[in-house]
Structures are given as C-alpha cells and as structure tokens.
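Numbering (this note's numbering), first residue to last: 212 to 498. Following: one structure in structure tokens, then a few remarks.
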Amino acid sequence: MFLEQIHETSKFNINNLKERNSARTSTAGQLLYDVAISTLKEAAIAAAMSTITCLFVATNGIPLLITTTIAFVALNAIIRSVRAILLYKLHQLEQNYPTDDSSIYFYKNAIELTEWLCPFNFGVFHMLTTGIVIHEAGHAIAALLVFQRSNPVIEVIPGVGGVTRIMQGPLTKLGSWLGANNSYIFVVAAGPALAIISSTALIIFSHLLQTDHPEASKILLGASLINIGSHIIYAISALWETRMNSGHDFMQLWAIANIHPVVSAIALVVLPIFAKLVLVSVDALSG
212 MFLEQIHETS
222 KFNINNLKER
232 NSARTSTAGQ
242 LLYDVAISTL
252 KEAAIAAAMS
262 TITCLFVATN
272 GIPLLITTTI
282 AFVALNAIIR
292 SVRAILLYKL
302 HQLEQNYPTD
312 DSSIYFYKNA
322 IELTEWLCPF
332 NFGVFHMLTT
342 GIVIHEAGHA
352 IAALLVFQRS
362 NPVIEVIPGV
372 GGVTRIMQGP
382 LTKLGSWLGA
392 NNSYIFVVAA
402 GPALAIISST
412 ALIIFSHLLQ
422 TDHPEASKIL
432 LGASLINIGS
442 HIIYAISALW
452 ETRMNSGHDF
462 MQLWAIANIH
472 PVVSAIALVV
482 LPIFAKLVLV
492 SVDALSG
C-alpha cells in the first residue's frame, strides 16, 4: 500500500512536471511567434516608408537610407526579443514564486519600458524618413498655390533633413490676394504646419485605437510625439542660427514675419493639445 502511494505520488509529480514543461514550451513558442510576426509587419511598414522616401533621395544617399531601415528593423527585433524574454521570466516567476513581489514588480516595469521603446524607435524612423517628406511636401504644396510655374522639387538628405527648391514665378490668384511677402511667408510656414497637422492626425488615430489596438496606438503616438518634439527643437535652434541663407524655416519666419522662435515653438503644440483635450472631453461625456 505504501509503495502504491509512492508510485501514485511519483506519477503525479511526473505528470505535473510534464504539464509545466508543456506550458513553458507553449508560452515560449507563442512569444517567439509574436516576435516574428511583429518584426515581419514592421519590416514591411519600414520598407514602404523607405520606398516612399527613396523617391526624393539622390542616388548617393540611398545606401544610407537602406542602412537606416535595416538598423531600425533590427533594433526593434532586439527590443521585442528582450521583451519576450522578460515576459517568459515573469511567467515562470508567477508560476513558481508568486509571492516574490519585488521581482515581479521589477519584471513588470521592465516589460512596460520595452513596450514604449519600439514606438519611440518607430517615431525616430518616421522623423528621418516620411516625416521629412511630409514637411517638405507642405512647402511644395504651398508654392504651387501661390506661385505660377513654381516647379517645386523635394530632396531628402538622409541623416541631415530635406530641402524644397522652388521657382518664384508670377503670383496666382491666391498669391496676389496674399501679396508677395505674405506668399513667401506662407510657403515657409507650410512645411512645419503640414508636419504638425499630420502629427495631430496620428494623435487622433492613436486615441481611437488605444482600447482595441493598444500597440498600434502607442506606435502612432510615438511617431507623433517624436515629430512634434523634433519641430520644437528645430524652432528653438533658430535662436543660434546666424546664416540668413541657411534655409532654416523658423529663422526666416523670425527675420521676415517677425515671429520669434519661442512663439513658433509654442504654436506648434497648440493644435495637438487642443485635439487631445477634445478627445478626452468627448470620452468623459460619453462615458
């Protein structure tokens, strides 16, 4: 009887061990699958963004753009792999040492940090690629609206920024209504304006997706915040820019329109903050 009890206990322990090993294998497999799928999705999105940007990059700048794209995908894959390891460790900890609150707290905070690193990295990549295209497109569209035969040409310089070359032909009807000086100011301001409008749109979509698609929401929010932040830094940098012909948007706004860079920097955040406050207010009223 005693031997039978030992045999049954041993059998139970073996079965329990098998179940734990099976659960660990299943958890590890799912985490690896999630990393692979997320990396493939990001690689496809990064390739699309890089392709769009390549349309405006000189041939000698394409290798750097491709290298940047590969580095972005690789870095996010590493971040996601680290997150998967942390999740696996946390799962083991909760299974084997559920009362070890300090370790569990550490892993949960580390996981939360990694959840924001990928969106931050994505935001930097957007700023270096399609963010530049959007900014320069603002200048190009404005030039077409106020100057005839402006023939805008956008060039993205990887690792540096972008430039839009235009021909100041005769004024259009809108240009005549604004006047020559105001038309030029309109073209200069249109780049940052379109960038902020696009970032505000990302904030809106991020807010709408935060419940059903939290990861996509964080990625969009990261892209918008990095883009806004880079434009604020760009605006403030006009304070120590000394070359009038540097093509610095906010330097020109300061010199021609008498708009101080600090005022420009504050103006950049008005629309995004207003949009977010409206969304939060709507949620509060409907909730």
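Glycine included, C-beta positions come from ideal geometry on N, C-alpha and C. These numbers come from a predicted model, not from an experiment.
Using alpha carbons as the reference points, say which of the options lies closest to residue i.
i, options, result
"S409", "Q359, G458, A259 and S435", "S435"
"G386", "I281, V357 and P274", "V357"
"V364", "H350, G370, S417 and L251", "H350"
"G334", "V493, T280, I396 and P472", "T280"
"P274", "I443, S261, I470 and T325", "S261"
"T340", "N307, A258 and F397", "A258"
"T278", "L355, A288 and P369", "P369"
"Y299", "E347, Y318 and F283", "Y318"
"A285", "A255, L266 and Y308", "A255"
"P330", "L431, F461, R454 and L488", "L431"
"Y244", "S292, Q421, L488 and L276", "S292"
Within 10 angstroms of its Cβ, does residue i collect 16 or more other Cβ (buried), or is it exposed?
i, result
"N332", "buried"
"W451", "exposed"
"V481", "exposed"
"N271", "exposed"
"N469", "exposed"
"E253", "buried"
"S492", "exposed"
"R454", "exposed"
"I444", "exposed"
"A269", "exposed"
What separation, rounded to the nearest whole angstrom, lies between the Cα atoms of residue i and residue j?
i, j, result
"E305", "I248", "26 angstroms"
"L490", "P483", "11 angstroms"
"L496", "D312", "38 angstroms"
"V371", "A401", "20 angstroms"
"P425", "L251", "18 angstroms"
"E366", "L242", "41 angstroms"
"I263", "L419", "26 angstroms"
"N362", "S394", "16 angstroms"
"G433", "I345", "17 angstroms"
"S417", "A466", "36 angstroms"
"A321", "L328", "11 angstroms"
"F397", "A353", "7 angstroms"
"A446", "G440", "10 angstroms"
"A239", "L301", "12 angstroms"
"V246", "Y316", "23 angstroms"
"N392", "Q379", "12 angstroms"
"H337", "N307", "42 angstroms"
"M462", "V399", "10 angstroms"
Only counting the same chain, and skipping five residues up and downstream in sequence, which positions put a Cβ closer than 6 angstroms to that of residue i?
i, result
"P381", "Q359"
"E215", "Note on E215: pLDDT 47, under 50, position unreliable in the model; the coordinate value appears next. Result list for E215: empty, nothing under 6 angstroms."
"D494", "none"
"E347", "I365, G373 and T375"
Excluding five sequence neighbours on each side, which residues of the same chain lie with their C-beta closer than 7 angstroms to the C-beta of residue i?
i, result
"A486", "T411, I414 and I415"
"N232", "Because the pLDDT at N232 is just 47, under 50, the model does not fix this residue reliably, and the point stays unresolved."
"H459", "A449 and E452"
Which whole-angstrom value is the C-beta distance of residue i and residue j, which I expect to be below 8 angstroms?
i, j, result
"S448", "L464", "Rounded, the Cβ-Cβ distance is 13 angstroms, inconsistent with contact."
"H442", "A478", "That pair is no contact at about 10 angstroms."
"G342", "N438", "5 angstroms"
"K429", "E323", "The pair is not a contact, with the Cβ atoms about 11 angstroms apart (cut-off 8 angstroms)."
Leaving out the 5 sequence neighbours to the left and right, which residues in its chain are closer than 8 angstroms to residue i when beta-carbon positions are compared?
i, result
"N226", "Low per-residue confidence applies at N226: pLDDT is 48, beneath 50, and the placement is therefore not dependable, though the value from the model is reported in the following sentence. Result list for N226: empty, nothing under 8 angstroms."
"L297", "Y318, A321, I322 and T325"
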